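Engineer: Quick one: structure below, then a few questions.
Residue numbers (the numbering used here): 550 to 625.
Pasting the structure below:
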């Protein structure tokens, strides 16, 4: 079964800004994308199948783990 992973960070209380994070986002595998909600200062990652990329550099930059980290089974 294929898995979709969704991770969300709230950057409003982090050690950095969304703009700075955007400039330093790590490269992602083909079926993984970054998403952002600029007015709410939120950053997300959606991964379809496969493994998550190394998020260590992002943790170091933001000073935090994601507030939301969920896995979903793909049904169709």
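Glycine included, each C-beta is placed from N, C-alpha and C at the ideal position. In this text the structure is predicted, and so the values were computed from the model without any measurement.
To the nearest angstrom, how far is the alpha carbon of residue 587 from that of residue 567?
Structural biologist: Taking the straight line joining both Cα atoms gives about 7 Å.
Engineer: Is residue 618 helix, strand or coil when you go by DSSP?
Structural biologist: If DSSP states are grouped into helix, strand and coil, residue 618 belongs with the strands.
Engineer: Under the three-state reduction of DSSP, which class applies to residue 585: helix, strand or coil?
Structural biologist: In this structure, residue 585 counts as strand in the three-state DSSP scheme.
Engineer: Would you kindly work out how many angstroms separate the C-alpha atoms of residue 576 and residue 562, rounded to a whole number?
Structural biologist: If you take the alpha carbons of residue 576 and residue 562, they lie about 24 Å apart.
Engineer: Residue 557: which of 595, 612 and 623 sits nearest, CA to CA?
Structural biologist: Comparing Cα positions, the closest option is 595.
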